[in-house]
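A.B. asks: Sending over a structure as structure tokens; questions will come in a sec.
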Amino acid sequence: MKHSTPSICLYFQVHQPYRLRDLRYSDIGQPDMQYFDEEKNRNIFQKVAEKCYLPTNALMQELVERYPHFSIAYSLSGVFLEQCEEYGPEVLESFQKLARTGKVEFLAETYYHSLSSLKSIEEFAQQVTAHVRRIHELFGQQPRIFRNTELIYSNELAHIARLMGFHGILAEGADHLLKNLNPNDPFVPPAFTLPLSVRNKIRKERPYPKAARSIDVLLKNYRLSDDVAFRFSDKKWIGYPLHADTFTDWLMQSGGRSVNLFMDYETFGEHQWADTGIFNFLRALPELWQERGIRAVTPSHAIREARGWKKQTYDAHAHVSWADTERDLSAWQENLIQKSALDELFKLEGAVRTANDPELMRRWRMLQTSDHFYYMCTKYWSDGDVHKYFSPYDSPYEAFRRFSHALCDLRQRIPQSQSQS
Amino acid sequence: MSIHSLMFGWEYPPLHLGGLGVACHGLVQGLLKNGVRVTLVLPHPHSAEEEHDVLAPTSAQMKSVQIPSIMGPYDTHRQYLHKITTISKEMQQVYGSDLPEAVAHFTAMSAEITKDVHADIVHCHDWMTYGAGIEAAKQHQKPLVAHIHATELDRTHFHPNQWIYEMERSGLAAAHRIIAVSNYTKGILTEHYGIPAEKIRVVHNGSSEEHLQPDHAITASVRHQRHPMVLFLGRMTIQKGPVQFLEMATKVHAVRPDVQFVMAGEGDMMNEVIDRACKMGLGNCMVFTGKVSSKEAKKLYQQAECFVMPSLSEPFGLVALEAIAHDTPVIVSRQSGVSEVMAHGFTVDFWDTDKMADCVLTILREKSLAMQLKIEAPRSLRNLRWEQQAGHVRSIYLDLITA
Chain R
1 MKHSTPSICL YFQVHQPYRL RDLRYSDIGQ PDMQYFDEEK NRNIFQKVAE
51 KCYLPTNALM QELVERYPHF SIAYSLSGVF LEQCEEYGPE VLESFQKLAR
101 TGKVEFLAET YYHSLSSLKS IEEFAQQVTA HVRRIHELFG QQPRIFRNTE
151 LIYSNELAHI ARLMGFHGIL AEGADHLLKN LNPNDPFVPP AFTLPLSVRN
201 KIRKERPYPK AARSIDVLLK NYRLSDDVAF RFSDKKWIGY PLHADTFTDW
251 LMQSGGRSVN LFMDYETFGE HQWADTGIFN FLRALPELWQ ERGIRAVTPS
301 HAIREARGWK KQTYDAHAHV SWADTERDLS AWQENLIQKS ALDELFKLEG
351 AVRTANDPEL MRRWRMLQTS DHFYYMCTKY WSDGDVHKYF SPYDSPYEAF
401 RRFSHALCDL RQRIPQSQSQ S
Chain W
422 MSIHSLMFGW EYPPLHLGGL GVACHGLVQG LLKNGVRVTL VLPHPHSAEE
472 EHDVLAPTSA QMKSVQIPSI MGPYDTHRQY LHKITTISKE MQQVYGSDLP
522 EAVAHFTAMS AEITKDVHAD IVHCHDWMTY GAGIEAAKQH QKPLVAHIHA
572 TELDRTHFHP NQWIYEMERS GLAAAHRIIA VSNYTKGILT EHYGIPAEKI
622 RVVHNGSSEE HLQPDHAITA SVRHQRHPMV LFLGRMTIQK GPVQFLEMAT
672 KVHAVRPDVQ FVMAGEGDMM NEVIDRACKM GLGNCMVFTG KVSSKEAKKL
722 YQQAECFVMP SLSEPFGLVA LEAIAHDTPV IVSRQSGVSE VMAHGFTVDF
772 WDTDKMADCV LTILREKSLA MQLKIEAPRS LRNLRWEQQA GHVRSIYLDL
822 ITA
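Just so you know, the protein sequences line up as chains R and W, in that order.
Numbering of the first sequence is given in this note's numbering, commencing with residue 1 and proceeding in unit increments.
Numbering of the second sequence is given in this note's numbering, commencing with residue 422 and proceeding in unit increments.
Here is the structure:
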């Protein structure tokens, strides 16, 4: 096989959190207390469905059907799938229709789009297993590629995913780890053995009966991905306005084996509105690529192709993610309120498990969604940053106030004998 | 370019009752640091001791001209009688019952007293000085800047004394440029005074408080020896929302009877507020201190677990910055200017005392939240130094002078 031109690997993240209601002290301990703002969540979902999910899915359907060498991948969070069922079954149907083309791959992630990988292997493995099952039920696929919440990644996590049975994992191609290597090349994590206790926990909860022999890492080419996701409509950007042919030139010039373009699906129509020309841009790509002999492949396909190739080591001792310029955990775990919120939540794990009450377990898990912690970020709070743009609340402190009430309520729901254990 | 500003003030430390005096002082000091020469005209009477304080040693460039004895006993001019009786009790309390005469006097003498001052610009603070500013600007043929620290609508919860309101309007109309202390105030000026937005510049007040870097161990011990304390500090007048504070306190008390509330300050609503507090069953947990010195205020800030400023309409709200400088978490009314510059704290509509109480309860319950507010909030004061804010004022001067 000749590989003079790199292929393109497109993966889109599809997620909507459940946003918290304006909870009050007096709500704590009320028997039917609801944590989430039903109306707001419904409105946002329907707005995004209209602007992004439905039109983009329709366009993707057209493109994958028309162009034989154009495939794509999605990761749909479990909480997104639940919102589909609650607020927009037609959105779910349009994803199922895409699945039936056989050219769309669905990836595995934590069901609750959670930060559980940072706190509890057992919980993490259970959530991944739950997600894999749900994807199989809805789309008839067994996901073999894993992507963690917000592309949070480390060497350890790669091996955990391998032991769970995944052949591939996605990660941010962070400059400080790549040094001068090309993120478009295939990578593997450094080899090492996880402690027995960790391995045992994984063995108990993993989605697949057997560990994978090896795991490949596909690295996000963040420059080219962000050209579309963040800069597409930025008039001050030197690349503005971005045309499909220019962008394709850049993709080809970036070299390597596979240019991994990973981004939020909401880029299309929601972050970049239709009037920016984002849909025309997307529509133009596959035709151009076909003319120039460029294939867009799924992550599984990219990894299959790389079999037998020499792979470089991507060495992430500390966590990397795709968030903010820091590309670390600081978007969710930097300040005191973020840390205490997550710590306090996971302190309840033992008691919640012992209580063996599905309703309690669900409440606990619903609070794990990473967005709750993202909204509490104060990194650039005074400068009016991207966190402010994405937050449904007035301030990080309002996010914490609501969360802390929910957490207090949860704590009170745990039967006394257990909460003391 | 060296600029000379002829400034008309009303209050000035140590003779001040509200934020106006503090803000004027900060601004003058900031302008001096920006190389602006200031001649400050004040209506303060008498005492050489006070005069000395106004002419602070660091203010070598500042020439203070005081107009003597206008706040002295008031001889009965009939035409003023009507005006006085309709002036809000708060204004009388703050500025004396002979206010209209004092203002008229100040205005009449301003031209005379400043006739030898050769300034580049005339700058006046709030309506009491607008007349004087207009006269001086006319006499010297210089541009007029009207600074607005509080409107009559703020002070009276939108039930203005018509005479004062007209004084404000005519001063604002005559000015070449208006400086508002917040976007909130700018909004009031455009909406209720019919001032075109392009005539207004917003310069937020600076923080006079250096962050004190207090000994956390001492503060903590002061705080924890007692029942947790929630603080109100301000004049006991409708503008400051003392009734909203009581409503909030009732709601907190219902959940946390161990919490103590301190209301510091005095004002025309004092008796009413005490009466209400008793009727609301807050007798045992509510302390009224009356007017406090700055030393006492400092101690209260340090003792408080959180500071609540429930003002109905607050052009700025310097007390919130003072609380922050003492590492006290703050909850402020959304109807305030300070909420625009205070990133780390809670902002609540003044009428939503339920949410206000909820924020207090959350701060009391969540140690990590209280600690984070104590650490983060004082950092925002760094971006609010008077020297920097006065720099914006200097640019406004320059624009007008070179126009």
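Virtual Cβ for every residue (Gly too), placed ideally from N, Cα, C.
Please compile the residues from chain R whose C-beta is within a distance smaller than 7 angstroms of the C-beta of Cys545 (chain W).
C.D. replies: Scanning chain R for C-beta atoms nearer than 7 angstroms to the C-beta of Cys545 (chain W) yields nothing, as the closest lies near 32 angstroms away.
A.B. asks: How many whole angstroms separate the CB atoms of Asn182 (chain R) and Ala316 (chain R), which I take to be in contact at a CB cut-off of 8 angstroms?
C.D. replies: Their Cβ separation, rounded to whole angstroms, is 17 angstroms, which puts Asn182 (chain R) and Ala316 (chain R) out of contact at 8 angstroms.
A.B. asks: Name the chain W residues that come within less than 7 angstroms of Phe400 (chain R), Cβ to Cβ?
C.D. replies: Residues of chain W with a Cβ closer than 7 angstroms to the Cβ of Phe400 (chain R) are, in chain order, Leu790.
A.B. asks: Nearest chain R C-beta to Leu785 (chain W) closer than 8 angstroms, yes or no?
C.D. replies: no
A.B. asks: Anything in the segment 330-341 of chain R with a Cβ closer than 7 angstroms to a Cβ of chain W? List those residues in chain order, please.
C.D. replies: The residues in question are Asn335, Leu336, Ile337, Ser340.
A.B. asks: Less than 8 angstroms separating the beta-carbons of Met383 (chain W) and Val694 (chain W)?
C.D. replies: An answer regarding residue 383 (chain W) cannot be provided, because it is not within the stretch 422 to 824 covered by chain W.
A.B. asks: Kindly identify the DSSP beta-bridge partner or partners of Cys9 (chain R).
C.D. replies: R:Asn260, R:Val297
A.B. asks: Within 8 angstroms (strictly less), CB to CB, does Asp394 (chain R) reach chain W?
C.D. replies: yes
A.B. asks: For a contact meaning CB atoms closer than 7 angstroms, what does Phe767 (chain W) contact in chain R?
C.D. replies: Tyr397
A.B. asks: Closest by CA to Ala532 (chain W), which one among W:Asp541, W:Val462, W:Leu782, W:Arg815?
C.D. replies: W:Val462
A.B. asks: Against chain R, does Met583 (chain W) count as a neighbour if the rule is that its beta carbon must be under 8 angstroms from one of theirs?
C.D. replies: Looking at the sequence shown, residue 583 (chain W) is not Met but Gln. Gln583 (chain W) does not count as touching chain R.
A.B. asks: From what residue to what residue does the beta strand (DSSP E) around Arg806 (chain W) run?
C.D. replies: DSSP places Arg806 (chain W) outside any beta strand (DSSP E), giving it a letter other than H or E.
A.B. asks: Hey, would you say Met530 (chain W) sits closer than 8 angstroms to Leu819 (chain W), going by beta carbons?
C.D. replies: no
A.B. asks: Buried or exposed: where does Tyr240 (chain R) fall if 16 or more other Cβ atoms within 10 Å of its Cβ makes it buried?
C.D. replies: Tyr240 (chain R) comes out exposed.
A.B. asks: Just to confirm my understanding: we take Met690 (chain W), look at its own chain, exclude 5 residues before and 5 after, and list those with CB closer than 7 angstroms. What are they?
C.D. replies: Met657, Thr658, Ile659, Pro663
A.B. asks: Is it true that the CB of Glu726 (chain W) sits closer than 8 angstroms to the CB of Ala778 (chain W)?
C.D. replies: In this structure, Ala778 (chain W) keeps its C-beta atom at 8 angstroms or more from the C-beta atom of Glu726 (chain W).
A.B. asks: Below 8 angstroms CB to CB, which residues in the same chain sit around His498 (chain W) once its five sequence neighbours on both sides are set aside?
C.D. replies: Because the pLDDT of His498 (chain W) is 35, which lies under 50, any placement of that residue in the model is unreliable, and the number read from its coordinates should be weighed accordingly. Excluding positions up to five away in sequence, the list reads Glu522.
A.B. asks: Please compile the residues from chain W whose C-beta is within a distance smaller than 9 angstroms of the C-beta of Thr378 (chain R).
C.D. replies: Close to Thr378 (chain R), with beta-carbon spacing below 9 angstroms, are these residues of chain W in chain order: Ala764, His765, Gln793, Glu797.
A.B. asks: For the ligand SAH, is there any heavy atom lying closer than 7 angstroms to the beta carbon of Tyr112 (chain R)?
C.D. replies: As for the ligand SAH, it is missing from this structure, which has no ligand bound.
A.B. asks: Quick one: what does DSSP say Val446 (chain R) is sitting in, helix, strand or coil?
C.D. replies: No information on residue 446 (chain R) is available, as it lies outside the stretch 1 to 421 that chain R covers here.
A.B. asks: If you draw a straight line from the alpha carbon of Pro6 (chain R) to that of Ile215 (chain R), how long is it in whole angstroms?
C.D. replies: Linking Pro6 (chain R) to Ile215 (chain R) through their CA atoms gives a straight-line distance of about 21 angstroms.
A.B. asks: For a contact meaning CB atoms closer than 8 angstroms, what does Tyr25 (chain R) contact in chain B?
C.D. replies: Chain labels in this structure do not include chain B; the protein chains are R and W.
A.B. asks: What's the C-alpha gap between Ser714 (chain W) and Val753 (chain W)?
C.D. replies: Spanning the two alpha carbons is a distance of roughly 22 angstroms.
A.B. asks: Do you know offhand how far Ala477 (chain W)'s Cα is from Thr671 (chain W)'s?
C.D. replies: Low per-residue confidence applies at Ala477 (chain W): pLDDT is 29, beneath 50, and the placement is therefore not dependable enough to give any value.
A.B. asks: Out of W:Thr577, W:Val459, W:Ala525, state which residue places its alpha-carbon closest to the alpha-carbon of His539 (chain W).
C.D. replies: W:Val459
A.B. asks: State the start and end residues of the unbroken beta strand (DSSP E) segment that holds Ser754 (chain W).
C.D. replies: 751-754
A.B. asks: Rounded to whole angstroms, what is the Cα-Cα separation between Lys504 (chain W) and Asp27 (chain R)?
C.D. replies: Caution is warranted here: a pLDDT of 39 is assigned to Lys504 (chain W), below 50, making its placement in the model unreliable, and no coordinate value can be reported.
A.B. asks: Quick check on the DSSP output: what are the complete beta strand (DSSP E) runs of length 3 or more inside the segment 712-772 of chain W, in order along the chain?
C.D. replies: Taking only runs of at least 3 residues, the beta strand (DSSP E) segments lying wholly in the segment 712-772 of chain W are 727-730, 751-754, 767-769.
A.B. asks: Give the straight-line distance between the Cα atoms of Glu334 (chain R) and Ala171 (chain R), rounded to the nearest whole angstrom.
C.D. replies: 21 angstroms
A.B. asks: Should the segment 195-202 of chain R be called in touch with the segment 231-249 of chain R, which here means at least 3 C-beta pairs below 8 angstroms?
C.D. replies: The way I'd put it, the segment 195-202 of chain R doesn't touch the segment 231-249 of chain R; fewer than three beta-carbon pairs between them come closer than 8 angstroms.
A.B. asks: Do you know offhand how far His136 (chain R)'s Cα is from Gln127 (chain R)'s?
C.D. replies: 14 angstroms
A.B. asks: So, using beta-carbon positions, are His131 (chain R) and Tyr153 (chain R) closer together than 8 angstroms?
C.D. replies: no
A.B. asks: Where does His176 (chain R) land, buried or exposed, given buried means 16+ other C-beta within 10 angstroms?
C.D. replies: Counting Cβ neighbours within 10 Å, His176 (chain R) comes out exposed, since fewer than 16 surround it.
A.B. asks: From what residue to what residue does the beta strand (DSSP E) around Ile542 (chain W) run?
C.D. replies: Judged by DSSP secondary structure, Ile542 (chain W) falls within the beta strand (DSSP E) whose first and last residues are 542-546.
A.B. asks: Would you say Ser214 (chain R) lies against chain W (beta-carbon separation less than 8 angstroms)?
C.D. replies: no
A.B. asks: Check whether the segment 394-408 of chain R and the segment 20-39 of chain R touch, using three or more Cβ-Cβ pairs below 8 angstroms as the test.
C.D. replies: yes
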